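What follows is a single structure, written as structure tokens, with notes after it.
Residue numbers (the UniProt record's numbering): 1 to 653.
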């Protein structure tokens, strides 16, 4: 039987007397014979190769292009065959010694002289695979021993790869059979608190104060208010967040009828809202007290005489509800009344609660806001240290309505934090505690055993942090998140990836490695809601951003109230050793646009993986369904913008 190539091969050059095989490429036959001899030398015969790609194998490939050739017997209905190089052949070829290579070359050259009389050896036919039926492609996948790519355990093997960061790997795509809007980002912050969006703002004095915390909560995440200030200042910020939105306001600010218009204006400026019930107490009002009326912003807006008592200008024609009322019914009454406030009174006319139209509007505009299930107020977090006076600070924060406290330390595995954690769980059992920071299982175990409701992961991976450089302590963030989360999840303790997050892809990778939420500092610095004033330099609008380990942060306040020096155990140092830097970031606009951009990007990313929720992502990573690929430096370069003279990178409209 004579054979021909079904695709026109490259003509052989420098080969004489090819005879009936002259239509074949010399290079193709040469490599076929070499593979045959490799098999023969190694004593391995038969078997259909698992892959069918032409590629270089241990230096045995033809010198020309690596085309895929399909061979078909002439005058036969037998389906064609294509030359494949299996993984086994790849290994055999790569392990050949120099002497074996020379022997193969010599033997192949000798056989080549007789190709005018040789048909393809039978062993070569055995090494070729039949062209498969395309309709059975999905069924053929079952023949492979594993899914394409790597499992998370294979990827994060520190013994072979060392420590990995988010840029060192990719997540392989899955199958899309649903819209991105169906993707749920709901995830645990602590054992008892769940967020609609797994996003936190960092407790840094250039990132999170009350404005950031309010808008993070409205958009489904949570803000952690920094403690590089006095305890009273921090408590006031927490109180402002808690008063921003309510369901039933069970402790509204009330005033007496003798309060003046000037005093009401001062209250409005300090609290950020107007609309105060007036009760029968002559001085400051009280709860509960007999409701006399309400003084609103409209009542005082154009009233110039600040000495006028509110009893002369207050609104007395009120719509009220009496007795026990559920929130949905009260909201419906408020919606139909077109009033700004709806007082709830008892049978004696005493005010017991209040409902606000502005809260109704916020419910409509921010349906995924993070709220307390009981009070319907926005959830707020705050950071404290581990010094004795931080216990008094926490008491003030709890009184202001705090929901979750973060024990803020660069190295969380200390006796100071363990003692503080145990004291908090005993003194304020209703407050959830997030401990950290940690990067190893051993660190995590100490804090989990002490009662932590959540863990914060990261040491030296932030954009303004130099801990790894200065202290030689830390861990690449990807490896840290995977190892700590794998351990903590066994105890039902959620983890927060803190640091190293620069884009949507990094957030997704942190979640895939086991984190429940991601904490952002530099990604939110420079937004409208972050503390500080904008300034211009070189034509760009900037805001200051600094690490809490920077000298600037350590010198902000006195030692007693300085969170930065306490975080890095530097209170008693006469010379500060900086573990962070100070810098500037470009204006990012308002987080009311930036956070929805992040949320939409996360939904699209999970859609590409064929994943409908964060919980499903966790499940399918653990069982090996979601696969990963390690990225070489050149592949990282390929995955970014390249080969352009110039470009503009717009993140969102």
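Quick reminder that beta carbons are idealized off the backbone N, C-alpha and C, glycines included. Just so we're clear, the structure is a prediction, and the values are computed from it rather than from any experiment.
Span separating the alpha-carbon of residue i from that of residue j
i: residue 521; j: residue 258; result: 47 Å
i: residue 540; j: residue 202; result: 25 Å
i: residue 585; j: residue 313; result: 48 Å
i: residue 420; j: residue 386; result: 6 Å
i: residue 241; j: residue 347; result: 32 Å
i: residue 281; j: residue 342; result: 20 Å
i: residue 606; j: residue 210; result: 31 Å
i: residue 179; j: residue 613; result: 12 Å
i: residue 48; j: residue 624; result: Residue confidence is low: residue 48 scores 33 on pLDDT, short of 50, so the model does not pin down where it sits. Its coordinate-derived value is still stated next. Going by the C-alpha atoms only, they are around 27 Å apart.
i: residue 304; j: residue 349; result: 32 Å
i: residue 196; j: residue 463; result: 26 Å
i: residue 223; j: residue 135; result: 53 Å
i: residue 467; j: residue 474; result: 7 Å
i: residue 543; j: residue 317; result: 48 Å
i: residue 371; j: residue 490; result: 27 Å
i: residue 517; j: residue 620; result: 17 Å
i: residue 358; j: residue 631; result: 50 Å
i: residue 200; j: residue 232; result: 23 Å
i: residue 452; j: residue 432; result: 8 Å
i: residue 579; j: residue 187; result: 31 Å
i: residue 306; j: residue 269; result: 14 Å
i: residue 650; j: residue 446; result: 44 Å
Boundaries of the alpha helix (DSSP H) in which residue i is found, first to last residue
i: residue 214; result: 210–218
i: residue 437; result: From DSSP, residue 437 is part of no alpha helix (DSSP H) but of the beta strand (DSSP E) over 432–438.
i: residue 358; result: 357–365
i: residue 649; result: Per DSSP, residue 649 belongs to no alpha helix (DSSP H) and is neither H nor E.
i: residue 267; result: 261–271
i: residue 427; result: 415–427
i: residue 633; result: 633–638
Span of the beta strand (DSSP E) around residue i
i: residue 629; result: 628–630
i: residue 498; result: 495–498
i: residue 315; result: Looking at the DSSP string, residue 315 is not in any beta strand (DSSP E), and its letter there is neither H nor E.
i: residue 253; result: It is not in any beta strand (DSSP E) - residue 253 carries neither H nor E in the DSSP assignment.
i: residue 297; result: No beta strand (DSSP E) contains residue 297, which is instead part of the alpha helix (DSSP H) from 297–300.
i: residue 242; result: Premise fails: residue 242 lies in the alpha helix (DSSP H), 231–244, not in any beta strand (DSSP E).
i: residue 520; result: 517–520
Three-state class that DSSP yields for residue i in the structure shown
i: residue 470; result: helix
i: residue 328; result: helix
i: residue 452; result: coil
i: residue 537; result: strand
i: residue 444; result: helix
i: residue 591; result: helix
i: residue 384; result: strand
i: residue 485; result: helix
i: residue 600; result: helix
i: residue 527; result: strand
i: residue 457; result: strand
i: residue 586; result: strand
i: residue 406; result: strand
i: residue 258; result: coil
i: residue 545; result: strand
i: residue 616; result: helix
i: residue 197; result: coil
i: residue 24; result: Note that residue 24 has pLDDT 37, beneath the 50 cutoff, so the model's placement of it is unreliable and no number is given.
CB contact flag (residue i, residue j, <7 Å)
i: residue 279; j: residue 289; result: yes
i: residue 461; j: residue 500; result: yes
i: residue 455; j: residue 481; result: no
i: residue 276; j: residue 255; result: yes
i: residue 397; j: residue 238; result: yes
i: residue 497; j: residue 457; result: yes
i: residue 532; j: residue 206; result: yes
i: residue 629; j: residue 185; result: no
i: residue 261; j: residue 300; result: yes
i: residue 515; j: residue 545; result: no
i: residue 149; j: residue 164; result: no
i: residue 495; j: residue 488; result: yes
When the options are compared against residue i, the one with the closest alpha-carbon
i: residue 412; options: 167, 238, 450; result: 450
i: residue 366; options: 217, 248, 211, 182; result: 217
i: residue 339; options: 378, 364, 379, 297; result: 297
i: residue 599; options: 160, 248, 198; result: 198
i: residue 589; options: 528, 583, 132; result: 528
i: residue 443; options: 587, 478, 483, 248; result: 483
i: residue 326; options: 309, 164, 637, 355; result: 355
i: residue 381; options: 236, 175, 267, 335; result: 236
i: residue 393; options: 374, 414, 424, 641; result: 424
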